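Protein chains: 2
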Amino acid sequence: MAEYTIKEVSEMFSLPASTLRYYEEIGILTNIPRNSSGNRVYQECHIARLRTICCFKNTGMSMAQLQAFFSYECSNEDHVEDIIRLLAEHKDSLAKKIEQLQRDYIHVQRKLHFYQDIKKSRETQMQPPVWEDYKYQTFAENEGDGADGRS
Amino acid sequence: MAEYTIKEVSEMFSLPASTLRYYEEIGILTNIPRNSSGNRVYQECHIARLRTICCFKNTGMSMAQLQAFFSYECSNEDHVEDIIRLLAEHKDSLAKKIEQLQRDYIHVQRKLHFYQDIKKSRETQMQPPVWEDYKYQTFAENEGDGADGRS
DNA sequence: GTGCCACTTCAAGTATACTTGAAGTTAACA
DNA sequence: TGTTAACTTCAAGTATACTTGAAGTGGCAC
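Below, the structure is given as structure tokens:
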């Protein structure tokens, strides 16, 4: 079975070694055995858990929630209902978050088009655009930059 | 023209008044006039900017980047290129972020289905599921909970 | 006129998630 | 036999984004 040093895991996940030690300290990536020199030896199960940690963290879960999740998962008692509740709540909040980000993406896109058109209008001595015209507009995702974007 | 107290803006955006003062202090929501009693009077332009601040913050922009953006926007000098660069970079990073979140959403969904099936297997005295079976599976977004999810 | 509420400024404090530093150990290499 | 790199533990420090507290002002109801 594959085993990894802290440095290898650090590189694998682009996380500093200090962060991996921190995750162990706060109890979300635990039971890491040591070799004869006292160095951490990461195994496949730790890699799998770290993937889950990164996924959950990336999607906005706090350390406290991660601690709760893994305390349920590692407990001998039956916490399957708690796990399902936590995951279902996180899934729902994540779905909402993605929807909000998609709306925000459109806002950023509008701003970008607005300033690109300001630049164009200066180069061509045309009337500068007005933000009002962009406020409710959506733009196709063609990166060619050829389309005017205004009707 | 509509004017708002700090409390009204606070409620409008679900932000504590202290945060609005903080945004003024660090220079991202500035030029807020005071009435005869010295209280802040927010106008439409401040509401519009606050919407942009919330959008940018929500999509992961730091205060430092917001400061840069508005220092460009408010400057008399020609910073349109800088604004376009900043917005284009933010748009790209946001697109990547949304894609990553969609992948992470699938991971969360798999975990949820796995634990839901663990629960079902206990209720029906069936063999408990194995995580390996869920690792690469995708699930339709039907909330009915009727489908088994396993083939 | 006094109680109270919402506001003001300014300074200091806080939560989260790490990061850094000090001091020491181990193993490989010149 | 150094010495260099990579690791260890433990405590303290840091960045970001606010939040809280103290002390004071203004305007309105009773």
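Protein sequence lines, in the order shown, are assigned to chains A and B.
Mapping of the first sequence onto my numbering: position 85 corresponds to residue 85, and the numbering continues sequentially without gaps.
Mapping of the second sequence onto my numbering: position 109 corresponds to residue 1109, and the numbering continues sequentially without gaps.
Even for Gly, the Cβ is constructed at its ideal location relative to N, Cα and C.
Every value quoted in this text rests on a predicted model; they were computed, and no experiment measured them.
Which of the three DSSP states, helix, strand or coil, is assigned to residue i?
i	result
Gly149 (chain A)	With a pLDDT of only 37 at Gly149 (chain A), under 50, the local geometry of the prediction cannot be trusted, and the value read off the model is given with reservation. In the structure shown, Gly149 (chain A) sits in coil (DSSP, three-state: anything other than H, G, I, E or B).
Gln43 (chain A)	strand
Glu1081 (chain B)	helix
Glu25 (chain A)	helix
Glu3 (chain A)	strand
Would you mind sorting residue i into buried or exposed? The rule is 16 or more other CB atoms within 10 Å of its CB.
i	result
Ile1084 (chain B)	buried
Arg110 (chain A)	buried
Thr59 (chain A)	buried
Met1 (chain A)	exposed
Val108 (chain A)	buried
Tyr1023 (chain B)	buried
Trp1131 (chain B)	exposed
Phe56 (chain A)	buried
Gly1104 (chain B)	In the sequence as displayed, the identity of residue 1104 (chain B) is Asp instead of Gly. So Asp1104 (chain B) ends up on the buried side.
Would you tell me roughly how many angstroms separate the C-alpha atoms of residue i and residue j, rounded to the nearest one?
i	j	result
Phe114 (chain A)	Phe1013 (chain B)	25 Å
Thr1005 (chain B)	Ile1026 (chain B)	20 Å
Ala1043 (chain B)	Gln1067 (chain B)	In the sequence as displayed, the identity of residue 1043 (chain B) is Gln instead of Ala. Rounded to whole angstroms, Gln1043 (chain B) to Gln1067 (chain B) spans 20 Å at the Cα level.
Thr1052 (chain B)	Ser1018 (chain B)	19 Å
Asp78 (chain A)	Arg21 (chain A)	29 Å
Cys1045 (chain B)	Val41 (chain A)	57 Å
Val80 (chain A)	Ile1118 (chain B)	8 Å
Ile1028 (chain B)	Lys1120 (chain B)	52 Å
Asn64 (chain A)	Asp92 (chain A)	The sequence shown places Ala at residue 64 (chain A), not Asn. Near 18 Å, if we compare the C-alpha coordinates of Asp92 (chain A) and Ala64 (chain A).
Ser1036 (chain B)	Ala1048 (chain B)	24 Å
For the pair the segment 1071-1079 of chain B and the segment 1032-1040 of chain B, tell me if three or more CB-CB distances fall below 8 Å.
no
So within the segment 67-124 of chain A, which uninterrupted beta strand (DSSP E) runs reach at least 3 residues, ignoring any that extend past its ends?
none
Okay, do the segment 1113-1133 of chain B and the segment 1082-1098 of chain B touch, 3+ Cβ pairs below 8 Å being the bar?
No contact exists between the segment 1113-1133 of chain B and the segment 1082-1098 of chain B.
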